[in-house]
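K.L.:
I have a structure here, written as structure tokens, and I will follow up with some questions on it.
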Amino acid sequence: MMIRRLGLDKPALYGHSDGGIIALLLELRHPGTLGAMAISGTNLSPEGLIPSFIEEYTQINQETPDPLVTLMLTEPHIDPEELEKIHIPVLVTAGENDLVLREETERIAAHLPDARMVIVPDADHGSYLADSPLMGEMLLDFLAEKWTQ
1 MMIRRLGLDK PALYGHSDGG IIALLLELRH PGTLGAMAIS GTNLSPEGLI
51 PSFIEEYTQI NQETPDPLVT LMLTEPHIDP EELEKIHIPV LVTAGENDLV
101 LREETERIAA HLPDARMVIV PDADHGSYLA DSPLMGEMLL DFLAEKWTQ
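Each residue of the sequence shown is one higher than the one before, counting from 1 in my numbering.
Dropping the structure here:
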């Protein structure tokens, strides 16, 4: 694993969307690898996305098949109860108007033993990331708090 190869000891990892899924899977499959995690716009299953988005991309993918779209429409399948095995601080964020259902974000945060959830007002799936200092500020505050305790 690259983290070990680089000699990193419990680094913090931030992942947005699929990156958040990867972060969760990393800590589930290799417990104790990370020291803290932040995820945004992350879903545990395709059902965690807004139905209109799934419908639109299902139709697009039927007309012009794309393996990445197929992957998005069929994965992941993370059992929320598995998240209870993650015992590191996790910042869970999503936009108020995200592609990920609010219930999904709440489910993720509820099953992580040491989670803080932030729903960003008036934001969509990526608007609080692109051309905005907001996510960076939230990450710095979260990491400063977790590493000074």
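Here a beta-carbon is modelled for each residue, glycine too, at the ideal position from N, C-alpha and C.
Tell me the rounded alpha-carbon separation between Glu81 and Gly32.
P.N.:
Working through the sequence shown from its first residue, we reach residue 81 at position 81. Working through the sequence shown from its first residue, we reach residue 32 at position 32. Going from the Cα of Glu81 to the Cα of Gly32 covers about 18 angstroms.
K.L.:
For Ile22 and Lys85, what's the separation of their Cα atoms in angstroms?
P.N.:
Indexing the sequence shown from 1 puts residue 22 at position 22. Indexing the sequence shown from 1 puts residue 85 at position 85. For Ile22 and Lys85, the distance between alpha carbons rounds to 16 angstroms.
K.L.:
Out of Met138, Ser17, Met72 and Leu134, point me to the one whose CA is closest to Pro46's CA.
P.N.:
As a working note, residue 46 is residue 46 in the sequence shown. Looking at the Cα atoms, Met72 is the closest of the given residues.
K.L.:
Cβ atoms of Val92 and Ile50: under 8 angstroms apart, would you say?
P.N.:
To locate residue 50, count along the sequence shown from 1; it is residue 50. To locate residue 92, count along the sequence shown from 1; it is residue 92. No, the pair does not count as a contact, with Cβ atoms beyond the cut-off.
K.L.:
Could you pull out every unbroken alpha helix (DSSP H) segment of at least 4 residues lying fully inside the region 49-94, listed in chain order?
P.N.:
List check, alpha helix (DSSP H) in window: 51-63 and 67-74.
K.L.:
Ignore the nearest five residues each way along the sequence and tell me which others in Met117's own chain have a CB closer than 6 angstroms to its CB.
P.N.:
Within the sequence shown, numbered from 1, the residue matching residue 117 stands at position 117. Excluding sequence neighbours, Met117 sits near Val92 and Ala109.
K.L.:
Is the CB-CB distance between Val90 and Ala123 below 8 angstroms?
P.N.:
Position 90 of the sequence shown, counting from 1, holds the residue named residue 90. Position 123 of the sequence shown, counting from 1, holds the residue named residue 123. The answer is no: Cβ separation not under 8 angstroms.
K.L.:
How big is the Cα-Cα spacing for Thr58 and Glu96?
P.N.:
As a first step, residue 58 is located in the sequence shown; it is residue number 58 there, counting from the start. As a first step, residue 96 is located in the sequence shown; it is residue number 96 there, counting from the start. Looking at the two C-alpha atoms, the distance is approximately 24 angstroms.
K.L.:
In chain order, what residues of the same chain have a beta carbon less than 8 angstroms from the beta carbon of Met37, not counting five sequence neighbours either side?
P.N.:
Within the sequence shown, the letter at position 37 stands for residue 37. The answer, listed in chain order, is Ala12, Leu13, Tyr14, Gly15, Ala23, Leu24, Glu27, Ile86, Ile88, Pro89, Val90 and Leu91.
K.L.:
At which residues does the alpha helix (DSSP H) containing Met2 begin and terminate?
P.N.:
Within the sequence shown, numbered from 1, the residue matching residue 2 stands at position 2. Start and end: Met2 to Arg5.
K.L.:
His16 by DSSP, collapsed to three states: which one?
P.N.:
What you label residue 16 is simply residue 16 of the sequence shown in a count that begins at 1. Here His16 sits in strand by DSSP.
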